[in-house]
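Asker: Those sequence lines, one after another, are chains R and C.
Using our numbering, read the first sequence as starting at 141 and increasing by one per residue.
Using our numbering, read the second sequence as starting at 141 and increasing by one per residue.
There are 2 protein chains.
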Amino acid sequence: MKIALAQMHVVPMNPEKNLETMLNMIESARQQNAEIVVFPELCLSGYLLSDQWLNRQFCRDLMHLNAPLLEASKGLTLVFGNIYEVPATDSGGFHPNKDGRTRLYNAAYVMHDGAYAQRSESVDFLLPDGVHPKTLLPNYRFFDDQRYFFSLADVAQDFSVPVSSLAQPFLIDTSDGPIKLGVQVCEDLWCKDYRIQGESINVSKYLIQNGADLLVNISASPWTFHKNDARDRRIKFLKAEIEQADLSFVPFYYANNVGAQNNGKNIVTFDGDSSAYNRKGELVRESIKPFQQDLLVLDHQKIDKVTAQRGSSARIAQKYHAIVTGLRHIPELLGWQEPPKFVIGLSGGVDSALVAALLKQAFGADSVWTVNMPSQYNSEKTKNAAAFISEKLGVKHLVVPIESLVQEQMEVFGKLDESCPSPQWMRKLSDENIQAKIRGTSILSNIAGRYGRMFTNNGNKVEIALGYATLYGDVGGVIAPIGDLTKAEVFAMVRFLNSEIFKEEVLPETMLPDELFRFGSDDIAPSAELRDAQVDPMKFGYHCALLEAATSFKKVTAEEVMSWYLEGTLAKHLNVAEALLQRWGLKDPETFITDLEWFYEAIRKSVFKRIQAPPIILTSPSAYGFDIRESQLPQWQSPNYLALKQKVLAMDSYQERLALGGRL
Amino acid sequence: MKIALAQMHVVPMNPEKNLETMLNMIESARQQNAEIVVFPELCLSGYLLSDQWLNRQFCRDLMHLNAPLLEASKGLTLVFGNIYEVPATDSGGFHPNKDGRTRLYNAAYVMHDGAYAQRSESVDFLLPDGVHPKTLLPNYRFFDDQRYFFSLADVAQDFSVPVSSLAQPFLIDTSDGPIKLGVQVCEDLWCKDYRIQGESINVSKYLIQNGADLLVNISASPWTFHKNDARDRRIKFLKAEIEQADLSFVPFYYANNVGAQNNGKNIVTFDGDSSAYNRKGELVRESIKPFQQDLLVLDHQKIDKVTAQRGSSARIAQKYHAIVTGLRHIPELLGWQEPPKFVIGLSGGVDSALVAALLKQAFGADSVWTVNMPSQYNSEKTKNAAAFISEKLGVKHLVVPIESLVQEQMEVFGKLDESCPSPQWMRKLSDENIQAKIRGTSILSNIAGRYGRMFTNNGNKVEIALGYATLYGDVGGVIAPIGDLTKAEVFAMVRFLNSEIFKEEVLPETMLPDELFRFGSDDIAPSAELRDAQVDPMKFGYHCALLEAATSFKKVTAEEVMSWYLEGTLAKHLNVAEALLQRWGLKDPETFITDLEWFYEAIRKSVFKRIQAPPIILTSPSAYGFDIRESQLPQWQSPNYLALKQKVLAMDSYQERLALGGRL
């Protein structure tokens, strides 16, 4: 018996297109003699549709699309994800969802030879033939499943039956005889932290207990770096728990979609990596087409006779592919057939240069304009770099000097200043912001609107975190392609593009620092160029690592960073060189504390800018947008915080602690 | 025995201030001989703190504040809300939250005479003395409890015991002898749609089953219109379910906070309305200080001898108080002691006039500047209205003509137009947007930045929904005070302000239409004034009602609206006059369909603007921001939709259907 894993490109909110893809892939699988064809979770509609799920008319419309799939299942078995709304007119009357609306499952459908498949043991409880709800509903990061769906665990609770009794495999006839097919949806595989009876809610175990001969997991699982390795480990965890229950693991098939979807504030990419595991929990096959549609046809009988090694690709290469995939989502989310057109404010600095290169890679040179907008503060060096990059990329380059607009605004505010007093520093800062706003709003957004283009936000994650950008200036744009890359990653991706993609110096090496983030005197050091001799206030490398810690799963706090400093383990914990701390003067406790407080306070203070910022393409385990959710809140320093701070300030030097090997 | 309900003003992220408030209210309650003092849910920290809850250091810091409260509980009983983190070092090892972090309860704490109170029946399962987790975790609207907290129901599932067995009251000594005090948290009262064993998870019933003599609900329950009536009905529902189980209802005390909190995209207000109900489930007392701190001291023995009638206040008056409360949250969220200063772009239209009046009411005339920014398209009528309103409000009024800035931009784009072709209509639209952006970004945002003020977003809900505003123009601002009011409500609130608050015509009546939303020729009809003779394209009244339906709990779809039209019941369902449909030409099926498609499509298309819009003060049951969550998605018209549309277009007229009384 052959099983086909259909790693399809799901286009959100385009059911007809997705249905067409499915029918084509089914046909192709049929030609390769596959008997079971497995599609991803919610593959007709897309998964990240936000409150579209509250629209029950939409859900019913989606369920109507089961009919052509039922027809297509003749002669084989189909597994795919779709919505199931529990009919309000059922014998039991109205069954509420947790929000009081009609009950909605994010379900795996199983169809066999033109009919909804039957379970090997029939169950009642509003679980019709061929419909198996997702058991575990993720509600962390950008996931909002608990907001919309009613889980198999919720069904179990409602009817007061063990959830294990509801996890019944479906009985399917195959050329190898009848088999029991256990199905599950995405998170059901990541069960470790969902608890019942002191154990994890291990849906795989329940299915095997109930006789499943093989397991199929249908997913809409976003790409993150090393998620495939994490999944391999998770399969091992399932197997161990299953063997503890004196059962044997069974072949495990995982189908995931490719493409990108969004939640308004983030664009989330899907790499696929559809895979199969054998009875030993070993990987036997993975899709070698990350981010691309693929059909993997596997021989179920031979699954224990082969193993595979994971292909590996560097983090920065994977992030590059994720960003390009995310960018290519733009026409989909607009419902456009043609490639969109862009305009990029190209300052001659490294961030906008990278964005221009990424846009060109995603849509081709014809889709991209660059525009340099010099004022009196812009150097010949950066202006020339912008022209050079544009020529190398082969994109149209405009130069729009902003001096006349700046002067006109200065005149308006010169008059207003007379009747509206304010301190000198505030006026100077305002003068800088005026330039940024003229670039972002007066020029870029109007070029976009006037000539039918979109303009990009070129901020990196460190700038977005610290609020080092001007609202209605460089905070604007339709998308932030590198908004989830630290500056260190920006430099790394520029190197990657030159060496691996372009194979020549398209993005000038003068934009790149040495390993301690130092620039030579002829280089283009990061600067907003809004006043004379301005340089970015960030301690690159160090702030990049600090930000990764602060936004990581552990949400490392200033207190924790201070305790590392007290122990002399700061560089070790941040995985940076001691020399980098030295280079930024951080071995001096006062410099360290001043910087640390500025860093966390800048993150807190700039929430208001992120509220009005465009969607970010997600490339890290924790992105600003809808992944990190932020209220506007004042600062609070706890007594514990203040005590730690005093301890640090009382230190002679960090060097000494370091010499003591962290001993206090 | 006397019980005090402490309706405190909770300041989010200001634990010291909240602790001080609590200690003061405890002292005041003690002086009034109260033996039990009840505070709201999460009253030390605030409730809507977003991902601050992922910061376990912060949670531990909050738990340290239990110590002074334990001290303050000497001689009486305290009930209040705080976080409880299950210690990772417990005998049972590490207990995961659903997200894999350490387990966190949103808990009711009960302290009695300097100690954590003991349960009447001891329970194990990581539920220490004096700590009772919230059982039901709301995850609809802007609520995200499932993202952060582990519930009593989750504890029950983890340890495989009935949740009812864990809902044990606390044993408290009082002057009336020992009593069993049942505590619950907010949503636990709204249990109808949470299901277990085919019934609602009725925590009140469990507590009474387990011997509770009285129930205390601690809430952080946002204001919405008529929520108090809904709560009265919910109490009746609880009582009915309890009596079905052959139990008697017990006195029910409800303490809710006042103030405002935010989630970044919405400002949510809390009116308090702390209340007590007797054994019959009747209201016996409510706080008559909506949105204000209050201490209600009740005699528990006399609770069955009194009843109260709800005070009633009109919807628009309540919304007015909610908005003023929401505005006054701004200094809190910034951590400022002084009132913030504002600048309002005052066009002479009704929306900005209302915003100016609201800001003046919230912060006083000294805090407000208005600025009129005329171009060639602005009429004397609106300019004069702006000056009149400013004078009446007593606020500083600036006039900053924008013609010179417009001309300078036209010159820049005149040059660009030569090398960048685009259609004429696009340039005309761009010319309009340029003016809006000059007002929003070049003038307002720079006045704000330069003179230390904040500028407001003056959009109403209809404009925000339909995207009738310019990004980086009138979409900007730090807050949208009337962003959750329809235009009909804007008119109503202007009338309310003139008649009830100002008691004179501060906001000119010429801005107000008649009951069919018609303006006289001398009136100021809504217009963006970006070109000659421009008027707003909205069908006011009708689109207001349509928007309320589309964003309501039912999420009324275009399909449903078409079916109402087919039935001749459109006006009835939207609760508008038939004459209003007539006035907008909607009795003609083609006009109706064209408008309906424009309406829904405009909402869909403008998600990208809302992504970059400022926080909205929530006044409806469904506000844009974080309450309504939106992905950017293309349009999809289902076969069902298209069929209905054809049916409508085949109608002779709506009038005929109406005459038939909706019969088809």
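For every residue, glycine included, the Cβ atom is placed at its ideal position computed from N, Cα and C.
Predicted model only: the values in this text are computed from it and were never measured.
Step through the CB atoms of chain C and report whether any lies within less than 8 Å of the CB of R/Val-398.
Answerer: Within the first sequence, numbered from 1, the residue matching residue 398 of chain R stands at position 258. It does not; no Cβ of chain C falls within 8 Å.
Asker: Contact check, R/Gln-147 vs R/Val-437 under 8 Å by CB: the rounded distance?
Answerer: Residue numbering aside, residue 147 of chain R sits at position 7 when the first sequence is read from its first letter. Residue numbering aside, residue 437 of chain R sits at position 297 when the first sequence is read from its first letter. No, R/Gln-147 and R/Val-437 are not in contact; Cβ-Cβ is about 12 Å, not under 8 Å.
Asker: Can you tell me whether R/Ile-463 is buried or exposed, with buried defined as 16 or more other CB within 10 angstroms of its CB?
Answerer: Counted from its first residue, the first sequence places residue 463 of chain R at position 323. Result: buried.
Asker: Helix, strand or coil for R/Leu-670 per DSSP?
Answerer: Within the first sequence, the letter at position 530 stands for residue 670 of chain R. Note: R/Leu-670 maps to coil in three-state DSSP.
Asker: Please work out which residues of its chain come closer than 6 Å, Cβ to Cβ, to C/His-149, disregarding the five sequence neighbours upstream and downstream, and give them in chain order.
Answerer: Position 9 of the second sequence, counted from the start, is the residue given in the question as residue 149 of chain C. Contacts found: Val-398, Gly-399, Gln-433.
Asker: Which one of C/Gly-534, C/Leu-277, C/Phe-659, C/Ile-223 has the shortest CA to CA distance from C/Trp-330?
Answerer: Within the second sequence, the letter at position 190 stands for residue 330 of chain C. Nearest of C/Gly-534, C/Leu-277, C/Phe-659, C/Ile-223 to C/Trp-330, Cα basis: C/Leu-277.
Asker: Measure the alpha-carbon distance for R/Gly-802 versus C/Leu-606 and round it to whole angstroms.
Answerer: Position 662 of the first sequence, counting from 1, holds the residue named residue 802 of chain R. Position 466 of the second sequence, counting from 1, holds the residue named residue 606 of chain C. Low per-residue confidence applies at R/Gly-802: pLDDT is 47, beneath 50, and the placement is therefore not dependable, though the value from the model is reported in the following sentence. If you take the alpha carbons of R/Gly-802 and C/Leu-606, they lie about 60 Å apart.
Asker: Counting only Cβ-Cβ distances shorter than 8 Å, please list the residues of the segment 415-447 of chain R near chain C, keeping chain order.
Answerer: Correct list: empty, as no residue qualifies.
Asker: Can you tell me where the beta strand (DSSP E) with C/Trp-509 in it begins and where it stops?
Answerer: As a first step, residue 509 of chain C must be located in the second sequence, where it is residue number 369. Taken as a continuous stretch (DSSP letters only), the beta strand (DSSP E) holding C/Trp-509 covers 508-512.
Asker: What does a CB cutoff of less than 6 Å around C/Ser-661 pick up in its chain, not counting 5 residues either side in sequence?
Answerer: Translated into the one-based positions of the second sequence, residue 661 of chain C becomes position 521. Same-chain partners within the cutoff: there are none.
Asker: For R/Asn-222, write down the residues that DSSP places opposite it in a beta bridge.
Answerer: To locate residue 222 of chain R, count along the first sequence from 1; it is residue 82. BP columns for R/Asn-222 point to R/Ala-247.
Asker: Considering only C-alpha positions, which residue in the set R/Pro-479, R/Gln-516, R/Ser-519 is nearest to R/Lys-500?
Answerer: Along the first sequence, one-based indexing puts residue 500 of chain R at 360. Considering only alpha carbons, the answer is R/Pro-479.
Asker: Kindly provide the ranges of any alpha helix (DSSP H) runs that are 4 or more residues long and lie completely inside the segment 687-758 of chain C, ordered along the chain.
Answerer: The segment 687-758 of chain C contains these whole alpha helix (DSSP H) runs: 698-707, 710-714, 718-723, 729-745, 747-751.
Asker: What does DSSP give as the partner residues of C/Met-594 in its beta bridges?
Answerer: Here residue 594 of chain C is taken as the residue at index 454 of the second sequence, counted from 1. DSSP, once it has assigned bridges, lists C/Phe-482 as partnering C/Met-594.
Asker: Taking 8 Å as the limit between beta carbons, can you name the residues of its chain near R/Lys-157, skipping five residues before and five after?
Answerer: Counting from one through the first sequence, the residue named residue 157 of chain R turns up at place 17. Answer for R/Lys-157: Val-151, listed in chain order.
Asker: When the Cα atoms are used, what is the spatial distance from C/Thr-610 to C/Lys-577?
Answerer: Position 470 of the second sequence, counted from the start, is the residue given in the question as residue 610 of chain C. Position 437 of the second sequence, counted from the start, is the residue given in the question as residue 577 of chain C. Taking the straight line from one Cα to the other gives about 7 Å.
Asker: Note down the Cα distance separating C/Phe-503 from C/Arg-468, rounded to an integer number of angstroms.
Answerer: Reading the second sequence from its first residue, position 363 is the one you call residue 503 of chain C. Reading the second sequence from its first residue, position 328 is the one you call residue 468 of chain C. Straight-line Cα distance between these residues: approximately 7 Å.
Asker: How is R/Phe-377 classed by DSSP in three states: helix, strand or coil?
Answerer: Here residue 377 of chain R refers to the residue found at position 237 of the first sequence. Residue state, collapsed to three classes: helix.
Asker: For C/Ala-257, which of helix, strand or coil comes out of DSSP?
Answerer: Translated into positions along the second sequence, residue 257 of chain C becomes position 117. Note: C/Ala-257 maps to coil in three-state DSSP.
Asker: So that I know if they touch, is there some Cβ in chain C lying closer than 8 Å to that of R/Val-540?
Answerer: Looking up residue 540 of chain R in the first sequence gives position 400. Chain C contact via Cβ: present.
Asker: In whole angstroms, what separates the C-alpha of R/Ser-793 from that of R/Glu-730?
Answerer: Start at 1 with the first residue of the first sequence, and residue 793 of chain R comes out as number 653. Start at 1 with the first residue of the first sequence, and residue 730 of chain R comes out as number 590. Spanning the two alpha carbons is a distance of roughly 9 Å.
Asker: Taking any Cβ of chain R, which residues in the segment 552-566 of chain C have a Cβ under 9 Å from it, in chain order?
Answerer: Answer in chain order: Val-552, Phe-553, Lys-555, Leu-556, Asp-557, Ser-559, Cys-560, Pro-561, Ser-562, Pro-563, Met-566.
Asker: For C/Ser-315, does the count of other Cβ atoms within 10 angstroms reach 16, so buried, or fall short, so exposed?
Answerer: For the purposes of this step, residue 315 of chain C is taken as the residue at position 175 of the second sequence. The residue in question, C/Ser-315, is exposed, as its Cβ has fewer than 16 Cβ neighbours within 10 Å.
Asker: With 8 Å as the C-beta to C-beta threshold (strictly closer), list the residues of the segment 463-474 of chain C near chain R in chain order.
Answerer: Per Cβ criterion, the list reads Glu-472, Leu-473, Leu-474.
Asker: Would C/Glu-700 count as contacting chain R if we go by Cβ distances under 8 Å?
Answerer: The residue given as residue 700 of chain C occupies position 560 in the second sequence. With 8 Å as the cut-off, C/Glu-700 counts as an interface residue toward chain R.
Asker: Could you work out which residues of chain C lie near R/Ile-574, taking near to mean beta carbons separated by less than 9 Å?
Answerer: Residue numbering aside, residue 574 of chain R sits at position 434 when the first sequence is read from its first letter. Residues of chain C passing the Cβ test: Ser-582, Asn-586, Gly-589, Arg-590.
Asker: Since C/Asn-402 is in the beta strand (DSSP E), which residue starts that stretch and which ends it?
Answerer: The residue labelled residue 402 of chain C in the question sits at position 262 within the second sequence. That run of the beta strand (DSSP E) goes 398-402.
Asker: Using DSSP bridges, identify the partner residues of R/Gly-139.
Answerer: For chain R, the structure presents residues 141 to 804; residue 139 of chain R sits outside this window and is missing.
Asker: Taking 8 Å as the threshold (C-beta atoms), are C/Gly-616 and C/Asn-597 in contact?
Answerer: By 1-based counting over the second sequence, the position of residue 597 of chain C is 457. By 1-based counting over the second sequence, the position of residue 616 of chain C is 476. Yes. Within cutoff.
Asker: Evaluate the contact criterion for the segment 681-694 of chain C versus the segment 527-542 of chain C: three or more CB pairs, one atom per stretch, below 8 Å.
Answerer: In short, these stretches do not touch, since the Cβ pair count stays below three.
Asker: Since R/Met-203 meets chain C, which of its residues come closer than 9 Å, beta carbon to beta carbon?
Answerer: Sequence index remark: in the first sequence, residue 203 of chain R carries index 63 (1-based). Simply none; closest approach about 11 Å.
Asker: What does R/Lys-695 reach in chain C if we use C-beta pairs closer than 7 Å?
Answerer: Sequence index remark: in the first sequence, residue 695 of chain R carries index 555 (1-based). The answer, in chain order, is Leu-194, Asn-195.
Asker: Determine the closest residue to R/Gln-786 out of R/Ala-719, R/Met-702, R/Gly-221, with distance taken between C-alpha atoms.
Answerer: Here residue 786 of chain R refers to the residue found at position 646 of the first sequence. Comparing Cα positions, the closest option is R/Met-702.
Asker: Can you tell me which of the three DSSP states R/Arg-200 falls into?
Answerer: Taking the first sequence and counting its residues from 1, the one referred to as residue 200 of chain R is at position 60. If DSSP states are grouped into helix, strand and coil, R/Arg-200 belongs with the helices.
Asker: According to DSSP, is C/Ser-806 part of a helix, a strand, or is it coil?
Answerer: Since the first residue of chain C shown is 141 and the last is 804, residue 806 of chain C is not available in this structure.
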